[in-house]
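Student: Residue numbers (the working numbering), protein chains in the order written: chain A, 1 to 115; chain B, 1001 to 1113. We treat Cβ as the ideally placed atom computed from N, Cα and C, and that holds for glycine. Quick caveat, the model's predicted, so the values are computed rather than measured.
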Amino acid sequence: AQSVTQPDIHITVSEGASLELRCNYSYGATPYLFWYVQSPGQGLQLLLKYFSGDTLVQGIKGFEAEFKRSQSSFNLRKPSVHWSDAAEYFCAVTNYGGSQGNLIFGKGTKLSVKP
Amino acid sequence: DGGITQSPKYLFRKEGQNVTLSCEQNLNHDAMYWYRQDPGQGLRLIYYSQIVNDFQKGDIAEGYSVSREKKESFPLTVTSAQKNPTAFYLCARPRQGPRLGYTFGSGTRLTVV
């Protein structure tokens, strides 16, 4: 069965420091991968997506992610974190070819930013 | 709102009551989805619909019901059979074009009082 694991429940980084949020997926075929961000009490906003081509993808707000098939990973990175990046981040996977084609989400990583 | 609107933002339910959450979209998409979010649990699929008058159960459909009488509307009813309904509910539609993920509504927070 498809699954997504985000090993870190909560991460705290200092403003200006670099960030990496981990995501591992379990899937038999080539997955379509996504990162979403959620501010408290809000819906989810798409940061970036991968489904083919260059394994390093750029997203909004200065985020990027790298797809590594050999490690079944799709880690999210940002070189310099801003206080406004404090939010919860969700990794998701789908195949779009199955009977459902719906997104499977990880449990999320909450990011706190220290001044 | 990205073409998808949820209402109300906050909803309170008494024990034993049914309540209905609204989700409307104005971009003529066939597919719509309902997710439930609990702290530390991520998002779990309740129901989805890929065409009018048809819908499918997701992973946690027990205690919920939906209808899809119109393409633009996909209401979710939380019934009295749902034993732990307090949660944040999110409706979603596909982004323009396939393989592009979803656009989410701003959510409804349901609390049992």
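Any beta carbon from chain B within less than 8 Å of Lys-114/A's own beta carbon?
Tutor: As a working mapping, residue 114/A is identified with position 114 in the first sequence. Lys-114/A does not count as touching chain B.
Student: Taking DSSP as the reference, what is the three-state secondary structure of Ser-72/A?
Tutor: Here residue 72/A is taken as the residue at index 72 of the first sequence, counted from 1. Three-state DSSP puts Ser-72/A in coil, outside helix and strand.
Student: Show which residues of chain A have a CB atom less than 7 Å away from the CB atom of Phe-1104/B.
Tutor: The residue you call residue 1104/B lines up with position 104 of the second sequence. By Cβ distance, chain A contributes Gly-43, Leu-44.
Student: My assumption, with CB atoms under 8 Å, is that Lys-49/A sits in contact with Gly-1101/B. Please give the rounded CB distance.
Tutor: The residue given as residue 49/A occupies position 49 in the first sequence. The residue given as residue 1101/B occupies position 101 in the second sequence. Confirmed, about 5 Å.
Student: Under a CB-based cut-off of 8 Å, is Gly-1003/B close to chain A?
Tutor: Residue numbering aside, residue 1003/B sits at position 3 when the second sequence is read from its first letter. No - not a single Cβ of chain A is within 8 Å of the one on Gly-1003/B.
Student: Between Ser-1073/B and Asn-1053/B, what straight-line distance do the alpha-carbon atoms span, to the nearest angstrom?
Tutor: To locate residue 1073/B, count along the second sequence from 1; it is residue 73. To locate residue 1053/B, count along the second sequence from 1; it is residue 53. When rounded, the distance between both Cα atoms is 11 Å.
Student: Excluding the five sequence neighbours on either side, which residues of its own chain have a C-beta within less than 6 Å of the C-beta of Pro-7/A, listed in chain order?
Tutor: Within the first sequence, numbered from 1, the residue matching residue 7/A stands at position 7. Same-chain partners within the cutoff: Arg-22.
Student: Just the chain B side, please: which residues come within less than 8 Å of Lys-126/A by C-beta, in chain order?
Tutor: Here chain A has residues from 1 to 115 only, and residue 126/A is not among them.
Student: Determine whether the beta carbon atoms of Tyr-89/A and Leu-103/A lie at a separation below 8 Å.
Tutor: Here residue 89/A corresponds to residue number 89 of the first sequence, with the count starting at 1. Here residue 103/A corresponds to residue number 103 of the first sequence, with the count starting at 1. Result no, Cβ atoms of Tyr-89/A and Leu-103/A do not sit closer than 8 Å.
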